[in-house]
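Okay, structure first, notes after.
Dropping the structure here:
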């Protein structure tokens, strides 16, 4: 059985930049996760993700993209296709992921990497949450991600109680600290 990691990338402090993190948390909260799938909050881990590139058979990275497209458009491409896009990368995550792919590609044991991305509307404002355009398209991003997982032999089953995207975004953007000092 192939070992797969679904990695949600992005900085939730910059509005739509956090969409990958939010989608990963949404899937983790609302679906039964099989043993061969690990959901990873890749947030701002950058080079900290190197072990995933080497320890897993397949990585599915959910993130924003810098394509010239309408906000909310969804794209699916391989690591090779990502590297061929050239210097259009605008975010730190895109740059770090591309560098990681280039570094790890010299090793024989690098995971197969696939991207599912959405064109953001706003990655500049310091603001938790998502723009209306991106929020409206999150179900499409979820659907595409579930299709990619299904292609890998993983068909996620929903839990009985489902949280909305707005609930997940609120939980991630406004964590509650239950610790007592």
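Residue numbers (the numbering used here): 10 to 190.
Glycine included, every Cβ here is placed at the ideal spot set by N, Cα and C.
| Item | Value |
| --- | --- |
| Helix or strand or just coil, what does DSSP make of residue 157? | helix |
| From the DSSP output, which residues share a beta bridge with residue 123? | 69 and 87 |
| Specify the secondary structure class of residue 172 as computed by DSSP and reduced to three states. | coil |
| Could you say if the region 14–21 and the region 29–37 meet the contact criterion of at least three C-beta pairs nearer than 8 Å? | yes |
| So residue 73 and residue 126 are supposed to be a Cβ contact under 8 Å. How far apart are they, rounded? | 6 Å |
| Just to confirm my understanding: we take residue 147, look at its own chain, exclude 5 residues before and 5 after, and list those with CB closer than 6 Å. What are they? | 174 |
| Roughly how far, in whole angstroms, is the beta-carbon of residue 166 from the beta-carbon of residue 40, given that I think they are within contact range, below 8 Å? | 7 Å |
| Classify residue 52 as helix, strand or coil using the three-state DSSP reduction. | strand |
| So, with DSSP's three-state summary, where would you put residue 43? | coil |
| Please go through the same chain and pick out, in chain order, the residues whose beta-carbon is closer than 6 Å to the beta-carbon of residue 149, but skip the five residues on each side of it. | 83 |
| Using C-beta distances below 7 Å, list every residue in its chain close to residue 121, excluding the 5 sequence neighbours before and after it, in chain order. | 66 and 67 |
| Assuming contact is defined by CB atoms lying nearer than 8 Å, are residue 21 and residue 185 in contact in what I supplied? | no |
| With a CB to CB cut of under 7 Å and the five nearest residues on each side skipped, what residues in its chain are close to residue 177? | 31, 34, 35 and 38 |
| With a Cβ-Cβ cutoff of 8 Å, do residue 134 and residue 24 count as a contact? | yes |
| Rounded to the nearest angstrom, how far is the Cβ of residue 109 from that of residue 58, given a contact under 8 Å? | 6 Å |
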